[in-house]
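Here the sequence shown is numbered in the numbering used here, starting from 853 and rising by one per residue. For glycine and all other residues, C-beta sits at the position ideal for the given N, C-alpha and C. First comes the structure, then the notes that go with it.
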Amino acid sequence: MSQWKRKMPSPWKMNSLPDWKRNLGILWLGLFFNFMAYTLSVPFFPLFLQQDLGVRSGVEAWAGVSISISFLISGICAPFWGSLGDKYGSKLMLVRSGIGLGVAHLANYFVHDPYTFILVRIFQGLMAGFGPTSMALVGTNTPEKHVGYALGVMSTSTAAGGIIGPLVGGVLSHWVGLRGCFIASGIITICSAMIVLGVKEAEKRRSANRPSVWQDLKRAALDSSLLRVYGLILLVSTSVMILDPLLTIYVVQIGGSAKNAAISSGIVFSAVGVATVIMGPRWGRIGGRLGYGRTLFIGLIGGGIGNLLQAVIHNLVGFGVLRFGYGLFFAAVYPALNALIIQYADKDFRGRAVSLSQSASQFGIVIGPLLGGFLGGWIGIPYVFLLTGMALLGAAWAGRAIGTGKRSDLEAGQTAELRSSPP
């Protein structure tokens, strides 16, 4: 907690800060509340499908579809919202997404069958984009020498939201039911949209000759190192999301009571977030000293072993402890992958290279829950842990040579900044 206090400016000092620091504080709060609202209800979709919507068989598959469909629609619509953001500004897109997602959360309160639930999730996908737009605003409105630090700080907002959300959702559902969680999610998400109204977006001349996605893909394809990183991002995001529709169900299977399933699974979901907040900044510094390729290798090995062990532990407390341990290692993976993209991409291509990495991650987010939902119902949840663990170990082996090349100037600057105290 002391690190957060040191990184985040006090509210009464915000007006005296440079615009980029002021924006960073506002966007951190907005993204924190937005992600907290998301994780307040989404982890409990399997329980909602069972208890409120009457789904008695194939719950894993229904949960997987309900999670994936939103991300699929979001990925399809992202270029459209991105072009509007280029034309009218990212701030307007943030407010649009926050209000739209809030309405989608509220609409879930009135759902009474699984098919309508899927339709609401499609609408939620149409309104998505709050997280990527927040990151884009930080990246484009922060001086280049501070971009690495600012994006690192922003990553803690989703980690913090991922801790608080499931815990609050678990307790709240016990008091007001799962439908009450949707109301809370909607209100909090709309509040996040109001928070980001305070952002000052820098005016910039927007190029009319922006390269097409196809041109960006062809340019990225010429760099084998970038392609390997994108492949790892796809695999990693799939491995993370493959368990989303299964964890709540698995908690009940290994001894958690059905009555307190929301609270128990909320604690389990939060364990990885707590570990990420603890180790995320430390892995950034370790990566600066040891090399991001080696840090990535360590994170993937630890994540793979952690998944393998989760498959054979059938005690709720032991499972929660393992999830925390898995998070301590896996916290190294995403920062290392993001740093490697910056390292390998040419300076004039970095922004678009990061956008392509988000597309790779988005594909994994779509594939993961679908794959997990169907595999969990077919071969059993423990075997999904085994497959995920082996996939991460295989990724560590395949990507062991990544990051051994010469570092870029930007990476060297970010490394120096990570070693120093935050500005």
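V1092 is the residue among V1092, I1138, Y1102 and G1145 whose C-alpha sits nearest the C-alpha of G1125. If only uninterrupted beta strand (DSSP E) runs of at least 3 residues are considered, none is enclosed by the segment 1131-1160. Here S1122 has I1015, P1018 and L1019 as same chain residues with Cβ atoms under 6 Å from its own Cβ, once five neighbours each way along the sequence are excluded. Contact annotation, D904 with L1030: C-beta distance approximately 6 Å; criterion of less than 8 Å satisfied.
For N875, the number of other beta carbons within 10 angstroms of its own is at least 16, and it is reported as buried. Taken in chain order, the whole beta strand (DSSP E) runs of length 3 or more contained in the segment 876-906 number zero. In this structure, L1084 is the residue among P1221, S942 and L1084 with its C-alpha nearest to the C-alpha of L1208. Sixteen is the threshold: since fewer than 16 other Cβ atoms of the shown chains lie within 10 Å of the Cβ of W1230, the residue is exposed. Exclusion of the five residues before and after R1252 leaves F1149 as the residues of its chain whose Cβ lies within less than 7 Å of its Cβ.
Secondary structure of K1070 (DSSP, three-state): helix. The segment 1066-1081 and the segment 910-919 do not touch, with fewer than 3 CB-CB distances between them shorter than 8 Å. For the pair G1241 and L1168, the CB atoms are not nearer than the 7 Å cut-off. For L1087, the enclosing alpha helix (DSSP H) begins and ends at S1076 to M1093. With distances taken between CA atoms, V1173 lies nearest to S1117 out of F900, I919 and S1117. In this model, L869 and G916 are separated by some 44 Å (Cα to Cα). Inter-residue distance for F975 and G1050 is about 27 Å (C-alpha atoms, whole angstroms). Shown here, R874 sits in a helix according to DSSP, grouped into three states.
Residue state for V963 is assigned as coil, using DSSP reduced to three classes. Taking a contact to require three or more Cβ pairs closer than 8 Å, the segment 1035-1047 and the segment 951-965 qualify as touching. In this structure, DSSP gives T994 a state outside helix and strand, which the three-state scheme calls coil. Residue environment for H998: buried (at least 16 other C-beta atoms within 10 angstroms of its C-beta). If you check the CB distance, F923 and I1219 do not come in under 7 Å.
Within the same chain, and ignoring the five residues on either side of A1113 in sequence, the residues whose Cβ sits closer than 7 Å to its Cβ are L899, T1100, V1103 and V1104. By the criterion of a C-beta distance shorter than 6 Å, T1128 is surrounded in its chain by A1011, G1179 and A1183, once the five residues flanking it on both sides are discounted.
In chain order, M860, V1005, M1006 and S1009 place their CB closer than 7 Å to the CB of W880, counting only its own chain and leaving out the 5 sequence neighbours on each side. D871 sits exposed, since fewer than 16 C-beta atoms from the chains shown fall within 10 Å of its C-beta. In this structure, C1033 sits near L892, with a CB-CB distance shorter than 7 Å. For K939, the enclosing alpha helix (DSSP H) stretches over residues V911 to Y940. The alpha-carbon of G1022 is positioned some 30 Å away from that of L1152. By the criterion of a C-beta distance shorter than 6 Å, L958 is surrounded in its chain by G1038, once the five residues flanking it on both sides are discounted. In the three-state DSSP reduction, A980 falls in the coil class, being neither helix nor strand.
Between T985 and L946, the C-beta gap is smaller than 7 Å, which places the two residues in contact. As the crow flies, the alpha-carbon of I919 is around 32 Å from that of G1139.
Cα atoms of F897 and I1035: separation of roughly 14 Å, rounded to the nearest angstrom. The three-state reading of DSSP puts L1019 in helix, counting H, G and I together. Residue environment analysis places D965 among the exposed positions, since fewer than 16 neighbouring C-beta atoms fall within 10 angstroms of its C-beta.
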